[in-house]
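Residue numbers for the sequence shown follow my numbering, so the first one is 216 and each next one is one higher. Remarks on the structure that follows.
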Amino acid sequence: MPKSKRNKAVSLTKVKKKTKVWKHEKISATRNLIDEFPSIYLFRYDNMRNESFKAFREALKEHSRFMMGSNKVLRVALGHGQEDEYKKGLSTLADDISGSIGLFFTGLPHNQVLKTFEEFEDLDYARAGSQATEEFQLSEGPLLGPNGPLPHTVEPTLRKYGLPTRLKKGVVELISDYVVCTSGDTLTSNQAALLRVFDVKMAAFRMSPIGYWLAKDEQYHRLQQSEIEPEEKHTDNHV
């Protein structure tokens with residue numbers, strides 16, 4: 216007899232079991248780090264770039280560890296309140312866990328931690344859906360890329376992205392001035408692609424400590440904004 220082609224029920228037991236095991240392992244690993252290191256910093260990050268983060272983590276691995284992942288699981292590891300917090304003061308830290316955050320366990324002095332995070336920044340190309348940090352516009356005439364005149368083969372692609380261009384004797388020209396984006400724009404895929412063509416980087420991967428817990432006093436200390444915010448950098452891009 217031919218076999219039935221009806222959909223068969225698939226058990227999700229193994230998936231659920233794996234998820235539960237992962238949560239327990241995450242909680243256990245977090246608590247082991249709490250026992251191992253004298254201070255924990257809660258930090259917020261913007262425009263995460265995995266390769267840059269891996270390099271940053273590697274540079275600090277001799278005296279520090281990072282823990283990131285499910286915010287809910289991290290809060291469970293620390294404790295929701297005084298009655299179940301893993302160590303005194305950690306539930307207050309847990310209250311601040313929301314959004315794009317991570318935990319930094321370290322033995323480094325406080326000032327060195329702040330300096331290390333403040334000095335870290337990795338500029339990269341903005342992605343579609345992110346916010347433009349400045350205006351970028353192109354002037355009428357021959358178009359130049361990061362390595363000089365653009366190759367003629369790219370002209371059809373530029374038109375596809377919305378640029379009013381033409382080929383004149385093999386030279387890619389802009390027919391009229393064109394504003395690619397203005398500060399505050401939510402970038403479309405075309406805008407993000409054009410910024411990449413002209414080597415304009417608007418996504419700054421940063422990590423900023425917002426508070427820290429010390430084992431010696433078992434208290435969570437929120438940082439003042441003036442302690443953690445580096446001076447903003449402004450750049451005008453006009454080609």
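From the three backbone atoms N, C-alpha and C, an ideal C-beta is built for every residue, glycine too.
Buried versus exposed call for residue i [16 or more other C-beta atoms within 10 Å across all chains shown]
{"i": "residue 353", "result": "buried"}
{"i": "residue 370", "result": "buried"}
{"i": "residue 406", "result": "buried"}
{"i": "residue 437", "result": "exposed"}
{"i": "residue 279", "result": "buried"}
{"i": "residue 368", "result": "exposed"}
{"i": "residue 356", "result": "exposed"}
{"i": "residue 382", "result": "exposed"}
{"i": "residue 441", "result": "With a pLDDT of only 46 at residue 441, under the threshold of 50, the placement of this residue in the model should not be trusted, and no figure is reported."}
{"i": "residue 237", "result": "exposed"}
{"i": "residue 304", "result": "buried"}
{"i": "residue 363", "result": "exposed"}
Residue nearest to residue i in terms of C-alpha spacing, selected from the options
{"i": "residue 306", "options": "318, 320 and 291", "result": "291"}
{"i": "residue 234", "options": "278, 288 and 280", "result": "288"}
{"i": "residue 258", "options": "432, 380, 333 and 431", "result": "333"}
{"i": "residue 393", "options": "246, 378, 304 and 255", "result": "378"}
{"i": "residue 430", "options": "239, 241, 250 and 238", "result": "250"}
{"i": "residue 351", "options": "415, 295 and 361", "result": "415"}
{"i": "residue 417", "options": "345, 428 and 365", "result": "345"}
{"i": "residue 242", "options": "403, 300 and 404", "result": "300"}
{"i": "residue 318", "options": "298, 293 and 324", "result": "293"}
{"i": "residue 314", "options": "285, 240, 328 and 336", "result": "285"}
{"i": "residue 412", "options": "365, 439, 403 and 389", "result": "365"}
{"i": "residue 276", "options": "265, 240, 380 and 320", "result": "320"}
Any chain B beta carbon closer than 7 Å to residue i
{"i": "residue 287", "result": "The structure shown contains no chain B; it holds only a single protein chain."}
Beta-carbon proximity check, residue i vs residue j, cutoff 7 Å
{"i": "residue 253", "j": "residue 322", "result": "yes"}
{"i": "residue 398", "j": "residue 433", "result": "no"}
{"i": "residue 247", "j": "residue 420", "result": "no"}
{"i": "residue 376", "j": "residue 408", "result": "yes"}
{"i": "residue 245", "j": "residue 283", "result": "no"}
{"i": "residue 400", "j": "residue 343", "result": "no"}
{"i": "residue 260", "j": "residue 422", "result": "yes"}
{"i": "residue 310", "j": "residue 426", "result": "no"}
Three-state class that DSSP yields for residue i in the structure shown
{"i": "residue 318", "result": "strand"}
{"i": "residue 270", "result": "helix"}
{"i": "residue 279", "result": "strand"}
{"i": "residue 305", "result": "helix"}
{"i": "residue 413", "result": "coil"}
{"i": "residue 332", "result": "helix"}
{"i": "residue 367", "result": "helix"}
{"i": "residue 255", "result": "strand"}
{"i": "residue 344", "result": "coil"}
{"i": "residue 339", "result": "strand"}
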